[in-house]
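Q: Take a look at this one; I'll ask things after.
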Amino acid sequence: MEMMSGAEMVIRALRDLGVKYVFGYPGGAVLDIYDALFAQDDVKHILVRHEQAAAHMADGYARATGQTGTVLVTSGPGATNTITGIATAYMDSIPMVVLSGQVPSTHIGEDAFQETDMIGCSRPIVKHSFLVKRAEDIPAAIAKAYYIANSGRPGPVVIDLPKDIVQDVRQYQFPDKVSIRSYNPTEKGHGRQVRKAADVLKEAKRPVIYVGGGGLKASETGQLLALAEQLKAPVTTTLMGLGAIPGQHPQCIGMLGMHGTMEANKAMHHADCILALGARFDDRVTNNIDKFCPEANIIHIDVDPASISKTINAHIPIVGSVERVLEQLTPYLKSVNSEKQEEKLVDWWQQIESWRTRKCLNYASDVDVIKPQQVVEALYKHTKGEAYVSSDVGQHQMFAALYYPFAKPRQWINSGGLGTMGFGLPAAMGVQFAFPEAVSTVITGDASIQMNIQELSTCLQYNLPVKIICLNNRSLGMVRQWQDMIYQGRHSHSYMESMPDFVKLVEAYGHVGIKVDHPSELDAAMQQCFSLTDRLVFVDVAVDPTEHVYPMQIKNGSMADMKLSKTERT
Amino acid sequence: MRRIISVLMENEPGALSRIVGLFSQRGYNVDSLCVTTTGDPTLSRLTITTHGDDKVIEQITKQINKLVDVFKVMDLTEGEHIERELMLLKVSTPTEQIRAEVKRNVDIFRAQILDVSAKTYTIQTTGSSEKLDAFLTSMSDYTDVVEVSRTGVCGLSRGEKSLHI
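Given below as structure tokens:
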């Protein structure tokens with residue numbers, strides 16, 4: 000066995016786990032680890048400009064690949080700057096490992112320079128955390144952290160590494176196998192429950208398949224589409240589940256929830272059977288839970304038992320990973336024939352079509368003013384629907400979710416649960432590292448982009464040709480929308496009165512900026528943007544600031560109670 | 000409804016803070032908490048008394064179970080169980096008459112006087128929380144209760160049922 004310092008062990012363990020990228024920022028407590036990084040080429044370090052962005056990059060990388068993202072930061076402010084990024088990953092169940100430096104263990108508790116109780120700070124937003132107390136424990140702690148982060152319901156794990164521990168020289172021993180006696184996530188569903196679920200699905204006359212982020216793996220295996228096509232059931236996805244079924248698939252009825260489509264929310268409300276796959280009936284989906292889907296028999300499959308019957312009672316709860324449970328379900332559904340299902344569900348589909356014909360996503364275009372929806376549609380056209388789309392948070396996020404029909408899972412990268420502004424650009428950079436040849440785009444707003452704009456510098460350093468589409472409405476659009484609707488139009492602090500010249504700013508960072516003010520310029524700008532394949536391009540599009548996102552559920556109503564425009568409702 | 004939840008978890012630094020943090024983070028109530036190692040020094044056992052409706056209690060047990068350090072969670076109040084709490088209290092005994100009343104009460108409740116000073120008695124009593132409450136009320140009828148220290152509830156289920164790994 001080799002003798003090495005704790006710092007060398009950290010890097011060696013990452014290499015042994017096959018970690019390709021570490022997103023981070025150096026500082027006093029992690030200088031030894033940075034020195035160990037310097038001595039090798041297997042693990043590549045990406046130097047960010049702010050630690051929050053490092054966490055979002057690792058997160059974007061993880062969302063796009065399904066693999067665990069890795070972050071390395073120093074103690075104190077380095078560690079606390081990752082908190083928003085960790086919370087973002089936690090809320091969306093994204094596998095991430097954060098290695099944070101710590102003051103020497105002999106100084107912990109003394110309010111030493113750059114000391115923060117990172118384990119304490121991060122406790123409510125991590126799946127688990129480790130404070131390493133002996134150098135020889137480092138390999139096992141790292142192996143466990145990666146195992147925990149990406150098994151069961153994934154989530155972020157923090158490893159806090161005191162400086163004296165990473166300086167200590169010990170024998171390196173990487174564990175052959177990781178097992179944690181108190182941690183055994185349930186992957187396989189309960190047999191009798193699965194059979195019951197099959198019976199209910201066979202009987203259903205108005206079924207809906209409702210897919211969340213926990214259903215993406217089953218989408219990648221093809222199981223989800225196979226099941227949907229066999230049952231001929233309509234499929235709706237949450238914001239996190241977009242792409243689980245191709246957006247253009249005839250059985251896809253779009254996103255559900257607060258800004259869901261009319262057909263999705265109506266179908267949920269009138270369903271007699273809801274098959275929930277890796278979704279958690281969150282408040283942005285259900286609206287008033289007392290009025291939630293009154294006739295539905297709910298089958299809820301989720302790997303996290305605590306997500307089942309948390310807000311909405313499941314009639315048939317099944318704890319297990321979606322992909323595993325669907326595998327178990329298949330033999331019980333052998334007798335189900337898709338043609339017969341089609342006949343059986345003919346009335347149901349007729350009803351759904353009647354909601355579809357309302358075309359709830361139609362919007363009034365204007366010859367002089369660019370509508371935000373139109374920009375997303377243009378992006379779809381110019382990327383042939385194949386781009387990775389990372390988004391920030393606000394109106395532009397909802398427009399992107401509604402007007403860019405995603406063909407594949409993991410193509411859509413956004414902060415769903417926490418709603419973190421500033422997520423988009425670093426996430427898209429993480430995506431670009433994962434897939435250097437792919438088109439990685441960001442849909443952002445004038446407010447969100449300014450929350451991590453310093454990463455344009457990182458993009459230059461690593462030649463990341465990310466394409467940024469900024470829906471610039473000179474205001475905090477979603478805040479303003481709520482103020483219009485609920486606060487009688489009192490726009491308290493939802494203006495941005497000193498907007499930078501984004502084109503100049505982007506140019507100062509060494510990239511290409513394009514300004515678009517008129518609808519007639521939009522196509523050419525998009526064309527130019529995507530023709531510059533090796534450059535970062537920022538397209539600053541002046542959009543209508545008065546536009547609202549519709550449909551929108553009416554507060555305290557059922558899922559089906561929606562405003563369809565400023566004047567119409569369901 | 001009052002519940003007693005027993006938790007078996009790794010005896011590691013920080014493990015307790017995860018449980019306590021979980022309760023405050025999710026807005027659950029802790030009425031009492033009792034933590035010690037078990038016969039196996041690598042394991043800790045926590046006994047938490049809390050209250051809430053069935054839905055809340057279900058979430059509490061599920062959320063605790065989700066913690067990586069936790070082996071098992073059991074709601075003792077779901078079945079037949081034994082619960083005990085220990086209380087130490089110091090009461091003021093300024094007069095002969097009060098000393099006599101206190102002594103009588105101690106006998107009735109089968110408590111014990113552990114320490115005596117010129118003006119105080121220090122008393123120990125064990126039993127259910129209800130009994131301890133009754134003893135405390137009774138004592139305060141006769142004299143001033145100077146100080147109280149209670150351990151919080153600990154408990155086991157009756158019969159064969161047990162919480163182990």
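Those sequence lines, one after another, are chains F and Z. Numbering (numbering that gives the first Met the number 0) for the first sequence: 0 to 569. Numbering (numbering that gives the first Met the number 0) for the second sequence: 0 to 164. By construction, the Cβ of each residue, glycine as well, lies at the ideal position given by its N, Cα and C atoms. Here the structure is a predicted model, which is why all the values come from computation and not from measurement.
Any contact of the segment 75 to 88 of chain Z with the segment 145 to 161 of chain Z, i.e. 3+ C-beta pairs under 8 Å?
A: The segment 75 to 88 of chain Z vs the segment 145 to 161 of chain Z: in contact.
Q: Would you mind giving the Cβ-Cβ distance between F/M254 and F/L238, rounded to the nearest angstrom? I have them listed as a contact below 8 Å.
A: As a first step, residue 254 of chain F is located in the first sequence; it is residue number 255 there, counting from the start. As a first step, residue 238 of chain F is located in the first sequence; it is residue number 239 there, counting from the start. Right, the Cβ-Cβ distance comes to about 6 Å (below 8 Å), so this counts as a contact.
Q: For the pair the segment 152 to 161 of chain F and the segment 120 to 130 of chain F, tell me if three or more CB-CB distances fall below 8 Å.
A: A contact exists between the segment 152 to 161 of chain F and the segment 120 to 130 of chain F.
Q: Tell me, to the nearest whole angstrom, how far the beta carbon of F/I118 is from that of Z/G13; I am working on the premise that it is less than 8 Å.
A: As a position in the first sequence, residue 118 of chain F is number 119, starting the count at 1. As a position in the second sequence, residue 13 of chain Z is number 14, starting the count at 1. F/I118 to Z/G13, Cβ: 6 Å. Contact.
Q: Is DSSP giving F/K201 helix, strand or coil here?
A: Taking the first sequence and counting its residues from 1, one reaches residue 201 of chain F at position 202. F/K201 falls in the helix class under three-state DSSP.
Q: Between which two residues does the alpha helix (DSSP H) holding F/C458 run?
A: Position 459 of the first sequence, counted from the start, is the residue given in the question as residue 458 of chain F. Unbroken alpha helix (DSSP H) run through F/C458: 454 to 460.
Q: Would you check if the segment 23 to 35 of chain Z and the segment 533 to 541 of chain F touch, i.e. whether three or more CB-CB distances between them fall below 8 Å?
A: The answer is no - the segment 23 to 35 of chain Z does not touch the segment 533 to 541 of chain F, with fewer than three Cβ pairs under 8 Å.
Q: Which of the three DSSP states is assigned to Z/D53 in this structure?
A: Counted from its first residue, the second sequence places residue 53 of chain Z at position 54. Helix.
Q: Quick one: Cα of F/S447 to Cα of F/G393, how far?
A: Translated into positions along the first sequence, residue 447 of chain F becomes position 448. Translated into positions along the first sequence, residue 393 of chain F becomes position 394. Approximately 8 Å, taken between the alpha carbons.
Q: Taking Cβ-Cβ distances below 7 Å as the criterion, which residues of the segment 120 to 149 of chain Z are in contact with chain F?
A: From the segment 120 to 149 of chain Z, no residue has a Cβ closer than 7 Å to chain F.
Q: By DSSP's criteria, Z/E146 is part of a beta bridge. Which residues make up the other side?
A: Walking along the second sequence from the start, residue 146 of chain Z turns up at place 147. Paired residues: Z/K89.
Q: How many whole angstroms separate the CB atoms of F/T382 and F/F173, which I take to be in contact at a CB cut-off of 8 Å?
A: Walking along the first sequence from the start, residue 382 of chain F turns up at place 383. Walking along the first sequence from the start, residue 173 of chain F turns up at place 174. Contact flag wrong, Cβ pair sits at about 42 Å.
Q: In terms of residue numbering, what span does the alpha helix (DSSP H) encompassing F/A275 cover?
A: Sequence index remark: in the first sequence, residue 275 of chain F carries index 276 (1-based). Taken as a continuous stretch (DSSP letters only), F/A275 belongs to no alpha helix (DSSP H), being part of the beta strand (DSSP E) at 272 to 276.
Q: Does any residue of chain F bring its CB to less than 8 Å from the CB of Z/E77?
A: Translated into positions along the second sequence, residue 77 of chain Z becomes position 78. Not one chain F Cβ lies under 8 Å of Z/E77.
Q: Look up F/A541 in the DSSP assignment and give the residues it is bridged to.
A: Translated into positions along the first sequence, residue 541 of chain F becomes position 542. DSSP, once it has assigned bridges, lists F/N471 as partnering F/A541.
Q: Which residues of the segment 169 to 182 of chain F have a Cβ closer than 8 Å to any Cβ of chain Z? Give them in chain order.
A: Those residues of the segment 169 to 182 of chain F that come within reach of chain Z (Cβ to Cβ, closer than 8 Å) are I179, R180, S181, Y182.
Q: Could you name the residues of the segment 314 to 329 of chain F whose beta carbon sits closer than 7 Å to any beta carbon of chain Z, in the order they occur along the chain?
A: The segment 314 to 329 of chain F vs chain Z, Cβ under 7 Å: nothing.
Q: Residue range of the alpha helix (DSSP H) that F/Q340 falls in?
A: Position 341 of the first sequence, counting from 1, holds the residue named residue 340 of chain F. 337 to 343 is the extent of the alpha helix (DSSP H) around F/Q340.
Q: Just tell me which of F/Q453, F/P544, F/L360 has its CA closest to the CA of F/H49.
A: Residue mapping note: residue 49 of chain F aligns to position 50 of the first sequence, counting from 1. Nearest C-alpha to F/H49: F/Q453.
Q: From F/G574 to F/G556, what distance separates their C-alpha atoms?
A: A question about residue 574 of chain F goes unanswered here, because the residues of chain F that appear run from 0 up to 569.
Q: Taking Cβ positions, are F/F112 and F/A57 nearer each other than 8 Å?
A: Position 113 of the first sequence holds residue 112 of chain F. Position 58 of the first sequence holds residue 57 of chain F. The answer is no: Cβ separation not under 8 Å.
Q: Since I believe F/R473 is in contact with F/M495 (beta carbons under 8 Å), could you give me their beta-carbon distance rounded to a whole number of angstroms?
A: Residue mapping note: residue 495 of chain F aligns to position 496 of the first sequence, counting from 1. Residue mapping note: residue 473 of chain F aligns to position 474 of the first sequence, counting from 1. Correct: roughly 6 Å between the Cβ atoms.
Q: In the DSSP assignment, find the alpha helix (DSSP H) that holds F/R479 and state where it starts and stops.
A: To locate residue 479 of chain F, count along the first sequence from 1; it is residue 480. Segment 476 to 485, the alpha helix (DSSP H) holding F/R479.
Q: What are the start and end residues of the beta strand (DSSP E) that includes F/D163?
A: The residue labelled residue 163 of chain F in the question sits at position 164 within the first sequence. Per DSSP, F/D163 belongs to no beta strand (DSSP E); it is in the alpha helix (DSSP H), 162 to 166.
Q: Could you tell me whether the Cβ of Z/D30 comes closer than 8 Å to any Cβ of chain F?
A: Taking the second sequence and counting its residues from 1, the one referred to as residue 30 of chain Z is at position 31. Closer than 8 Å: no.
Q: Compare the C-beta of Z/R17 against all C-beta atoms of chain F and say whether one is closer than 8 Å.
A: Counted from its first residue, the second sequence places residue 17 of chain Z at position 18. Chain F contact via Cβ: present.
Q: Apart from the five residues just before and just after F/K290, which ones in its own chain have a Cβ nearer than 7 Å to its Cβ?
A: The count along the first sequence starts at 1 and reaches residue 290 of chain F at position 291. Taken in chain order, the residues that qualify are G556, S557.
Q: Should F/V430 be labelled buried (16 or more other beta-carbon atoms within 10 Å of its own) or exposed?
A: Your numbering for residue 430 of chain F matches position 431 in the first sequence. Classification for F/V430: buried.
Q: Ordered along the chain, which non-local residues of its own chain (more than five positions away) have a Cβ less than 7 Å from that of Z/R25?
A: In the second sequence, the residue the question calls residue 25 of chain Z occupies position 26. Answer for Z/R25: Q62, listed in chain order.
Q: In chain Z, what lies closer than 9 Å to F/H127 by C-beta?
A: Counting from 1 along the first sequence, the entry for residue 127 of chain F is found at position 128. R17, L66, V67, D68, listed in chain order.
Q: Could you round the C-beta distance between F/V515 and F/Q327 to whole angstroms and report it? I think they count as a contact, below 8 Å.
A: Within the first sequence, numbered from 1, the residue matching residue 515 of chain F stands at position 516. Within the first sequence, numbered from 1, the residue matching residue 327 of chain F stands at position 328. At roughly 51 Å, the Cβ-Cβ gap does not stay under 8 Å, so F/V515 and F/Q327 are not in contact.
Q: On the three-state DSSP scale, how would you describe F/L130?
A: Numbered from 1 along the first sequence, position 131 holds the residue referred to as residue 130 of chain F. The answer is strand: DSSP assigns F/L130 an E or B state.
Q: Against Z/M8, what residues of chain F qualify as contacts under a CB-to-CB distance less than 8 Å, listed in chain order?
A: Here residue 8 of chain Z refers to the residue found at position 9 when the second sequence is read from its first residue. Going along chain F in sequence order, the residues near Z/M8 (Cβ under 8 Å) are S181.
Q: Alpha carbon to alpha carbon, how far is Z/K160 from Z/I81?
A: The residue given as residue 160 of chain Z occupies position 161 in the second sequence. The residue given as residue 81 of chain Z occupies position 82 in the second sequence. Each residue's alpha carbon lies about 12 Å from the other.
Q: Beta carbon of F/Y549, beta carbon of F/L531: below 8 Å?
A: Indexing the first sequence from 1 puts residue 549 of chain F at position 550. Indexing the first sequence from 1 puts residue 531 of chain F at position 532. No, the Cβ-Cβ distance between F/Y549 and F/L531 is not below 8 Å.
Q: Expressed to the nearest angstrom, what Euclidean distance is found between the alpha-carbon atoms of Z/A110 and Z/D53?
A: Along the second sequence, read from residue 1 onward, the residue named residue 110 of chain Z stands at position 111. Along the second sequence, read from residue 1 onward, the residue named residue 53 of chain Z stands at position 54. So the two alpha carbons sit approximately 35 Å from each other.
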